[in-house]
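Heads up: the structure comes next, in structure tokens.
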Amino acid sequence: MIFELTDEQQEIRALARKVARDWYAPKAREWDANRTNFPAAERKRIAELGLLALTLPEEYGGGGRPLIDALLVQEEFARANPLAAWPIFEASAGPSRVIDLFGTPEQKQRFLPPVAAGERLIAISISEPEAGSAATDVSTQARVDGDEVVINGAKRWCSGAGHADQYLVYVRFGQTPGGRGMGAVLVDKDTPGLSFGPQEELMGHRGVGSADMFFDDVRVPAENVIIQEGGFGKLFTAFSIERLGNSTMCLAIAQEALDRTAAYVQERRQFGKAVVDFQTVQDTLAKMVVDVEAARMLIWRAAVRAGRGAPKTLDASVAKVYANEMVKRVTDMAIQLHGGYGYAAEYEIERMHRDAIGWAIAGGTPAIQRTRIASEFLGRRFDQRS
Amino acid sequence: MIFELTDEQQEIRALARKVARDWYAPKAREWDANRTNFPAAERKRIAELGLLALTLPEEYGGGGRPLIDALLVQEEFARANPLAAWPIFEASAGPSRVIDLFGTPEQKQRFLPPVAAGERLIAISISEPEAGSAATDVSTQARVDGDEVVINGAKRWCSGAGHADQYLVYVRFGQTPGGRGMGAVLVDKDTPGLSFGPQEELMGHRGVGSADMFFDDVRVPAENVIIQEGGFGKLFTAFSIERLGNSTMCLAIAQEALDRTAAYVQERRQFGKAVVDFQTVQDTLAKMVVDVEAARMLIWRAAVRAGRGAPKTLDASVAKVYANEMVKRVTDMAIQLHGGYGYAAEYEIERMHRDAIGWAIAGGTPAIQRTRIASEFLGRRFDQRS
Amino acid sequence: MYARSIFEEDHAVFRETVRRFLTEEVAPHLDQWRRGGGVGPRLWVSAAELGLLGTMAPEELGGGGVDDPRFVAMLVEETMTAGATGLAHLLALSCGVCLPALIEYASVEQLTAWLEPVIEGRGPAVPVAVGPPLEAHADDGEWRLSGWAPAVPGGASAALLVVGFSTEGEDGVAVIDGDRLGLQRRSVADALGGRDAGQADIHFDDVRVGPGDVLANGETVLRSIRRDLDLWTAVLAAAGALGVLTSTVEYVGSRRVFGRLLAEFENTRHRLAEAAVLLTAAQLIVDDSVRARWAGTLSAGQAAAARITAAQAHDEAVDRGLQLHGGYGYMREYPISVAFADAQYLRQQERQVSDARDVVAAGIGL
Amino acid sequence: MYARSIFEEDHAVFRETVRRFLTEEVAPHLDQWRRGGGVGPRLWVSAAELGLLGTMAPEELGGGGVDDPRFVAMLVEETMTAGATGLAHLLALSCGVCLPALIEYASVEQLTAWLEPVIEGRGPAVPVAVGPPLEAHADDGEWRLSGWAPAVPGGASAALLVVGFSTEGEDGVAVIDGDRLGLQRRSVADALGGRDAGQADIHFDDVRVGPGDVLANGETVLRSIRRDLDLWTAVLAAAGALGVLTSTVEYVGSRRVFGRLLAEFENTRHRLAEAAVLLTAAQLIVDDSVRARWAGTLSAGQAAAARITAAQAHDEAVDRGLQLHGGYGYMREYPISVAFADAQYLRQQERQVSDARDVVAAGIGL
């Protein structure tokens with residue numbers, strides 16, 4: 368076992384930190400307040416610096432590096448400004464990775480280079496009004512019609528909906544129920560028949576965009592089918608990668624909340640002494656440190672073991688459930704230690720807390736993760752339907 | 368970063384597991400019930416297998432291996448039978464390591480080989496009636512008299528007292544208060560003037576032995592002074608190693624409680640279905656998995672980074688506080704999931720819980736660890752006396 | 122599950138008045154208040170007309186003359202249940218905290234001058250800087266107050282500010298008109314929760330107060346105000362928890378996941394049962410504390426314990442509610458999302474005053 | 122911090138009797154009972170002589186004829202405070218759970234036969250298998266009970282066993298003499314806590330019970346017994362928590378660390394304050410539940426909520442007490458160590474009967 372970053376990883380991390388601090392940290396509060404979408408030009412800048420798509424293969428313009436490297440970069444961006452980390456998440460741990468892992472060479476050649484160049488953003492579209500936690504209940508239909516696929520249905524809570532250029536849509540082919548009937552198709556934003564509901568006012572993750580998506584006889588070429596019917600396992604492999612992206616967002620927010628709190632309690636005085644000199648403040652700060660470090664280790668282990676592939680389900684679920692609950696606890700403690708200022712927007716701790724809440728709802732709730740963990744740990748399936 | 372054990376580590380672990388399961392697991396309940404001391408012959412057997420003193424230098428009969436290897440072995444023994452892990456703890460992460468790290472070549476040559484051979488057990492003696500959490504308040508006096516040191520005072524809660532052959536006693540030289548006036552001296556059990564109080568009936572850690580120690584003009588040769596007055600930092604470095612030994616005991620107990628619970632809930636039926644088919648049981652089991660894994664990562668990180676030396680204070684305190692509180696939670700959940708049998712002695716879960724409680728009291732409580740963590744994280748000292 | 126026994130016949134009658142008021146005067150405007158910086162001035166006038174604002178004040182000063190905090194509790198709880206957390210908080214501060222303090226500690230002249238605008242609906246009375254007090258300098262029989270108080274509920278619209286100050290280690294309480302010269306009020310535009318309270322940062326720029334503006338026995342008054350703040354915060358939190366738990370129980374009874382009602386999952390049932398247990402305990406300590414306040418026997422320690430217990434029940438109910446609502450919980454137009462933000466607001470307001478654990482510790486002799 | 126109002130003058134008088142009893146008949150023997158498998162037979166005789174065992178039983182059957190569970194609460198709480206957790210548990214089971222069930226549900230003939238030995242001090246009445254019931258086979262107007270019940274408190278010495286059984290999906294309750302043929306009692310020698318209760322595993326080897334041994338309306342009786350078990354477990358836990366918290370507050374007020382009293386550290390004060398808050402809430406819900414039991418309005422949901430709340434308060438008090446006692450907390454001769462083990466014992470006993478969350482969930486309509 369080795370727990371140190373390589374020199375190269377440290378360099379990438381330092382570069383990411385500098386870019387994120389210099390460019391994006393100053394804009395975090397304003398973008399959050401205005402629900403600003405992340406500017407496409409900024410995405411290109413990140414790509415040009417070689418930080419956008421570290422995990423995509425070099426032949427398609429990516430960095431050809433392992434997952435952990437991308438997560439190190441994502442963490443630095445998310446600490447400074449979570450919105451700036453989003454395209455990194457999507458390119459390195461999100462839908463692009465599904466294409467990378469499961470697409471044909473032609474599909475990769477067609478779809479990945481624009482992502483790696485920062486020219487195109489792909490979002491993933493899974494949940495539906497009646498299929499949230501029960502992802503295998505997806506009812507959006509895909510019907511093969513000659514060399515086209517015709518999609519009908521509705522999606523909900525698609526992060527980036529209306530803003531992203533392409534969507535990896537989880538669909539049901541035919542009538543087979545459950546995961547076995549499902550697959551995934553890539554759909555361009557401007558395909559006729561695809562429309563978007565109004566942008567939702569979410570509590571956090573502002574600027575990312577979220578909306579309903581409506582598919583009304585949406586026709587896409589059959590070569591856009593990334594995962595065929597029956598690719599059940601692949602669909603869920605994709606979840607595992609995404610879970611580490613989610614977990615890394617939590618880690619970043621928590622680490623940032625911790626560091627800012629550490630600074631605050633040392634600067635701020637109360638009753639004639641530094642706030643940090645109160646024993647309960649030290650105690651709470653230490654709890655934050657331990658919590659953040661435990662999450663970091665679980666995430667890093669899952670990511671490092673994944674190498675350039677996908678993490679084990681058990682590793683990823685363990686990391687996600689810990690990180691999700693950790694970031695809620697840690698940002699809550701940060702608010703407490705900020706005393707009267709914990710909920711003042713200018714300190715950004717409240718934004719971190721709002722964002723934190725969202726990560727425990729997205730990508731499978733802690734309750735769902737725990738069922739998966741028990742299932743994987745015991746090698747036993749549990750039927751939620753009985 | 369690499370999170371996998373080497374082949375060699377896996378082999379050592381497998382050997383340790385086999386020995387521990389075959390020889391010591393069957394005796395755990397009986398030894399606990401009878402408060403049996405670990406037999407000296409068994410200690411020799413472990414030494415002969417090369418599992419007792421992995422971290423001590425090869426020239427003194429040890430394994431010359433890094434701390435993590437010893438902890439892997441300790442974990443396997445402690446899972447099967449914590450009492451059997453105790454001599455490994457003492458030899459690899461306890462007082463012997465203090466001699467190894469800070470003793471003169473002559474001292475090492477004199478004191479370490481018998482330990483590595485399993486012929487002699489050294490215990491550490493720090494706490495006093497008025498110096499528990501405040502270890503720097505030690506008042507046991509050591510006075511240099513020619514080529515001897517004369518010790519007077521009393522110690523309390525010395526694990527192994529009355530059973531171990533030698534004691535590494537933390538003492539105060541002269542009148543300098545606080546850590547700066549302290550040092551450590553090795554004292555043979557049968558030195559005139561050293562006497563022991565009655566064996567304490569502790570809630571757990573039975574068989575280890577614990578008693579008051581009384582020093583009445585106890586004379587030992589000056590060459591038994593392992594740490595001279597002013598070796599403050601060394602004394603506390605020793606704590607860091609010991610904390611990982613403590614944490615590993617917690618990890619082992621928790622992992623064992625988890626695995627036995629996993630087996631139990633799959634075997635046992637209630638209301639016509641396997642207990643594990645209840646959602647709250649799955650949820651609780653998953654919490655145990657996550658908690659154990661987080662502790663494991665924090666301990667392993669601290670140990671691996673220590674290499675063949677001592678871990679960083681921050682790493683060790685983070686690992687200990689997490690492991691201490693984790694094992695209380697995990698054994699409590701194990702009791703819950705065992706339903707009516709959680710407190711039946713034959714299932715051994717209650718023994719694990721009792722032992723768990725003790726680890727959070729020994730070696731610096733979680734509250735003390737958190738103060739240290741805040742202090743180390745911020746690079747700032749907190750005065751507990753004001 | 123647990124039948125509350127605190128309210129009697131009279132309160133039930135009063136509840137009808139309150140509910141009508143909430144339906145007619147609050148519900149139609151709530152969204153606008155949340156968007157636009159708090160309750161409007163008309164609200165206070167209409168509440169005054171119904172006699173809601175001074176139930177505990179002497180009749181000769183236009184009040185209800187009923188020395189029973191349970192009417193205030195009814196008013197506050199019903200307002201919480203209607204989802205108007207910010208307004209409920211203002212009502213609690215004005216009717217539950219400030220007015221009783223003034224009635225008990227002000228001279229007759231002071232009381233006459235101060236009560237009228239509040240009871241007649243010019244706006245609420247709110248406490249300011251009653252935790253860590255403002256700095257004040259004694260100056261020729263007067264005091265000059267400087268400093269600032271962040272995020273004062275109703276700070277933009279309050280008729281009366283009950284201000285804690287400290288001068289040379291001695292604490293005092295001044296009562297000043299919301300329009301007093303030297304006050305700068307800056308609305309908090311981006312508050313996450315409690316938006317209908319209309320929070321404002323208030324800067325005191327050398328505000329002069331004379332002996333007529335100051336209550337005798339400042340230390341005692343401050344202690345009493347802090348205790349009552351704990352009490353009323355607890356009342357708000359318990360009512361908030363009940364509202365969230367009730368609506369979550371309804372939600373899980375209609376939402377299907379994996380083809381089954383969410384309510385059928387053991388995970389749902391146990392998580393909500395745990396929240397219900399906390400709420401039951403919280404409601405009992407809150408009700409007992411309101412009764413004790415009425416009897417004049419409420420200790421600071423018990424009020425602080427009520428605050429901690431109710432806050433925990435509220436936080437748990439909101440967190441579990443949010444988690445069980447899944448994606449809907451994160452959409453700001455959903456009541457559970459508003460309830461989450463409002464709970465955060467109340468906790469933040471509590472924290473600005475004190476750490477309740479210190480009060481409890483003192484109560485058990487530590 | 123919080124002044125309980127549940128007890129009145131009569132109870133205070135009764136308390137003196139109980140305390141004398143504890144001083145004279147319990148304290149001198151407690152250690153021996155803990156070492157030797159539970160309270161001795163003499164204890165029950167002396168308790169009977171003082172009229173402690175049947176306060177709620179009809180006078181014509183030798184009881185006190187007082188339909189007020191608060192006397193039982195006083196007896197149980199004082200016994201807990203004296204550190205005799207196992208005995209307190211037996212008294213709660215006999216006087217609080219079993220006797221009231223028999224009084225309410227047994228026929229006059231049954232009651233006459235069953236009450237006498239208990240009230241006269243032959244031993245306690247204890248419930249057995251009232252959670253998951255024993256298997257029973259109907260056989261020619263009789264039932265044959267088989268199976269086993271682990272760790273029954275007082276299992277070795279009980280005069281009367283109130284046994285839950287199930288036959289073809291229907292639940293029943295049999296009341297049988299502790300010496301009934303076919304019972305095998307095996308003392309639990311290595312119990313960690315509650316040792317003065319004298320636990321035994323009881324094996325039922327085809328025990329025959331006839332109609333005269335069985336209560337009518339078994340399902341109702343079982344529900345009532347389970348509710349009362351929750352109630353009395355809560356009473357025990359709250360009293361246990363108070364005892365531990367009180368002694369820990371004393372300890373930290375005398376123990377010095379780093380040259381200061383442990384009580385002066387913020388960590389000590391806040392941790393104990395948190396425990397005190399839990400206890401305050403627990404005591405309130407327990408007292409309210411005892412009152413509701415007296416009034417005949419106690420719901421199963423509230424009793425379960427009381428049990429959960431009080432158990433949490435007890436566990437927290439014990440854990441924090443243990444942690445603050447440092448090394449002394451781990452030494453079995455110290456009261457805090459015994460208190461820890463006793464708390465574990467009570468939790469374990471609770472869990473054998475039910476998961477209280479299921480009961481609460483049902484109480485809120487889930």
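Protein chains in written order, with the working numbering: chain V, 368 to 753; chain Z, 368 to 753; chain S, 122 to 487; chain B, 122 to 487. Using N, Cα and C, we set each Cβ at its ideal position, and we do this for glycine too. These numbers were taken from a predicted model, which means no experiment stands behind them.
Which partner residues of A521 (chain Z) appear in the DSSP bridge assignment? For this step, residue 521 (chain Z) is matched to residue 154 along the second sequence. Beta-bridge partners of A521 (chain Z) (DSSP): Z:F581.
Given that a residue counts as buried once 16 or more other Cβ atoms are within 10 Å of its Cβ, and exposed if not, what is E713 (chain V)? As a first step, residue 713 (chain V) must be located in the first sequence, where it is residue number 346. When all chains shown are included, E713 (chain V) counts as exposed.
8 angstroms Cβ cutoff met for R301 (chain B) and A277 (chain B): Taking the fourth sequence and counting its residues from 1, the one referred to as residue 301 (chain B) is at position 180. Taking the fourth sequence and counting its residues from 1, the one referred to as residue 277 (chain B) is at position 156. Not closer than 8 angstroms, so no.
I'd like the list of long-range same chain contacts for R586 (chain V), defined as Cβ closer than 6 angstroms, with 5 residues on each side in sequence excluded. Position 219 of the first sequence holds residue 586 (chain V). Taken in chain order, the residues that qualify are E515 and V517.
Can you find a CB in chain V that lies within less than 8 angstroms of the CB of E397 (chain Z)? As a first step, residue 397 (chain Z) must be located in the second sequence, where it is residue number 30. No, its Cβ sits nowhere closer than 8 angstroms to a Cβ of chain V.
Would you report the Cα separation of A400 (chain V) and E715 (chain V), rounded to the nearest angstrom? Here residue 400 (chain V) corresponds to residue number 33 of the first sequence, with the count starting at 1. Here residue 715 (chain V) corresponds to residue number 348 of the first sequence, with the count starting at 1. The alpha-carbon atoms of A400 (chain V) and E715 (chain V) are separated by roughly 11 angstroms.
Residues of the segment 647-668 of chain V in Cβ contact with chain B at a cutoff of 8 angstroms, in chain order, please. Per Cβ criterion, the list reads T647 and D650.
Is the shortest distance between the beta-carbon of S458 (chain S) and the beta-carbons of chain V less than 8 angstroms? One-based indexing of the third sequence puts residue 458 (chain S) at position 337. By the rule that beta-carbons nearer than 8 angstroms mark a contact, S458 (chain S) touches chain V.
Backbone secondary structure at S228 (chain B) - three-state DSSP: Here residue 228 (chain B) refers to the residue found at position 107 when the fourth sequence is read from its first residue. Secondary structure of S228 (chain B) (DSSP, three-state): coil.
What number of angstroms, rounded off, separates the C-alpha of G655 (chain V) from the C-alpha of N691 (chain V)? By 1-based counting over the first sequence, the position of residue 655 (chain V) is 288. By 1-based counting over the first sequence, the position of residue 691 (chain V) is 324. What sits at residue 655 (chain V) in the sequence shown is Met, not Gly. Cα to Cα, the separation comes out at about 14 angstroms.
Check the DSSP bridge columns for W269 (chain S) and list the partner residues they point to. Counted from its first residue, the third sequence places residue 269 (chain S) at position 148. According to DSSP, W269 (chain S) bridges with S:H324.
Per DSSP, Q305 (chain B) forms a beta bridge with which residues? Position 184 of the fourth sequence, counted from the first residue, corresponds to residue 305 (chain B). Per DSSP, the beta bridge partners of Q305 (chain B) are B:H324.
Beta carbon proximity, Q423 (chain S) to chain B, threshold 8 angstroms: Here residue 423 (chain S) corresponds to residue number 302 of the third sequence, with the count starting at 1. Look at Q423 (chain S): its C-beta is under 8 angstroms from a C-beta on chain B.
Span separating the alpha-carbon of Q465 (chain B) from that of R478 (chain B): As a first step, residue 465 (chain B) must be located in the fourth sequence, where it is residue number 344. As a first step, residue 478 (chain B) must be located in the fourth sequence, where it is residue number 357. Each residue's CA atom was taken as its position, placing Q465 (chain B) and R478 (chain B) some 19 angstroms apart.
Does any CB atom of chain B fall closer than 8 angstroms to the CB of R752 (chain Z)? Residue mapping note: residue 752 (chain Z) aligns to position 385 of the second sequence, counting from 1. Chain B contact via Cβ: present.
Which residues of chain V have a Cβ atom closer than 7 angstroms to the Cβ of L360 (chain Z), listed in chain order? Given a span of 368 to 753 for chain Z in the structure shown, any question on residue 360 (chain Z) remains unanswerable.
Does K556 (chain Z) come out as helix, strand or coil in the three-state DSSP assignment? Along the second sequence, read from residue 1 onward, the residue named residue 556 (chain Z) stands at position 189. K556 (chain Z) falls in the coil class under three-state DSSP.
Determine the direct distance from the alpha carbon of P190 (chain B) to that of A421 (chain B), and round the result to whole angstroms. Counting from one through the fourth sequence, the residue named residue 421 (chain B) turns up at place 300. Counting from one through the fourth sequence, the residue named residue 190 (chain B) turns up at place 69. A421 (chain B) and P190 (chain B) have their C-alpha atoms roughly 17 angstroms apart.
Locate the beta strand (DSSP E) running through H258 (chain S), then write down its first and last residues. Within the third sequence, numbered from 1, the residue matching residue 258 (chain S) stands at position 137. Unbroken beta strand (DSSP E) run through H258 (chain S): L255 to D260.
Return the residues of the segment 371-401 of chain B that lie within a Cβ-Cβ distance of less than 7 angstroms from chain V, sorted by chain order. Under the 7 angstroms Cβ criterion, the segment 371-401 of chain B contributes F386, E387, N388 and H391.
For P271 (chain S), return the contacting residues in chain V, with the cut-off set at a CB-CB distance below 8 angstroms. Along the third sequence, one-based indexing puts residue 271 (chain S) at 150. Ordered by position in chain V, the residues that pass the 8 angstroms Cβ test against P271 (chain S) are G707, Y708 and A711.
Neighbour-count burial assignment, S488 (chain B), 16 or more Cβ in a 10 Å radius: Residue 488 (chain B) lies beyond the range of chain B shown here (122 to 487); nothing can be said about it.
Within the 8 angstroms Cβ cut-off, does F645 (chain Z) reach chain S? Here residue 645 (chain Z) refers to the residue found at position 278 of the second sequence. Yes, F645 (chain Z) lies at the interface with chain S (some Cβ there is under 8 angstroms from its Cβ).
Roughly how far, in whole angstroms, is the beta-carbon of A509 (chain V) from the beta-carbon of R487 (chain V), given that I think they are within contact range, below 8 angstroms? Numbered from 1 along the first sequence, position 142 holds the residue referred to as residue 509 (chain V). Numbered from 1 along the first sequence, position 120 holds the residue referred to as residue 487 (chain V). So it is not a contact: roughly 22 angstroms between Cβ atoms.
Terminal residues of the continuous beta strand (DSSP E) containing V294 (chain S)? In the third sequence, residue 294 (chain S) corresponds to position 173, counting from 1. From DSSP, the beta strand (DSSP E) with V294 (chain S) extends over E291 to D298.
Cα separation between G725 (chain V) and V688 (chain Z)? Sequence index remark: in the first sequence, residue 725 (chain V) carries index 358 (1-based). Sequence index remark: in the second sequence, residue 688 (chain Z) carries index 321 (1-based). Each residue's Cα considered, the two are about 29 angstroms apart.
Contacts that W524 (chain V) makes with chain S (C-beta to C-beta distance below 7 angstroms): For the purposes of this step, residue 524 (chain V) is taken as the residue at position 157 of the first sequence. Under the 7 angstroms cutoff, chain S gives G448.
What residues of chain B sit near D409 (chain S), judged by a beta carbon separation below 7 angstroms? Taking the first residue of the third sequence as 1, we reach residue 409 (chain S) at position 288. By Cβ distance, chain B contributes L405.
Along the beta strand (DSSP E) that carries L561 (chain Z), what are the first and last residues, could you check? In the second sequence, the residue the question calls residue 561 (chain Z) occupies position 194. Counting along the chain, the beta strand (DSSP E) containing L561 (chain Z) begins and ends at L561 to F563.
Integer-rounded CB distance, given that V554 (chain Z) should sit under 8 angstroms from W453 (chain Z): Translated into the one-based positions of the second sequence, residue 453 (chain Z) becomes position 86. Translated into the one-based positions of the second sequence, residue 554 (chain Z) becomes position 187. So it is not a contact: roughly 20 angstroms between Cβ atoms.
Rounding to the nearest angstrom, what Cα-Cα distance links Y455 (chain S) and E395 (chain S) in this structure? Residue numbering aside, residue 455 (chain S) sits at position 334 when the third sequence is read from its first letter. Residue numbering aside, residue 395 (chain S) sits at position 274 when the third sequence is read from its first letter. So the two alpha carbons sit approximately 23 angstroms from each other.
Compare the C-beta of V356 (chain S) against all C-beta atoms of chain B and say whether one is closer than 8 angstroms. Along the third sequence, one-based indexing puts residue 356 (chain S) at 235. V356 (chain S) does not count as touching chain B.
Whole-number beta carbon distance between L232 (chain B) and I224 (chain B), since they are thought to touch under 8 angstroms: One-based indexing of the fourth sequence puts residue 224 (chain B) at position 103. One-based indexing of the fourth sequence puts residue 232 (chain B) at position 111. The Cβ separation is near 7 angstroms, so the contact holds.
L535 (chain V) bridges to which residues according to DSSP? Mapped onto the first sequence, residue 535 (chain V) falls at position 168. As computed with DSSP, L535 (chain V) is found in a beta bridge with V:I491 and V:L553.
Quick check: the Cα distance between H446 (chain S) and T369 (chain S), rounded to an integer number of angstroms? Reading the third sequence from its first residue, position 325 is the one you call residue 446 (chain S). Reading the third sequence from its first residue, position 248 is the one you call residue 369 (chain S). Cα to Cα, H446 (chain S) sits roughly 8 angstroms from T369 (chain S).
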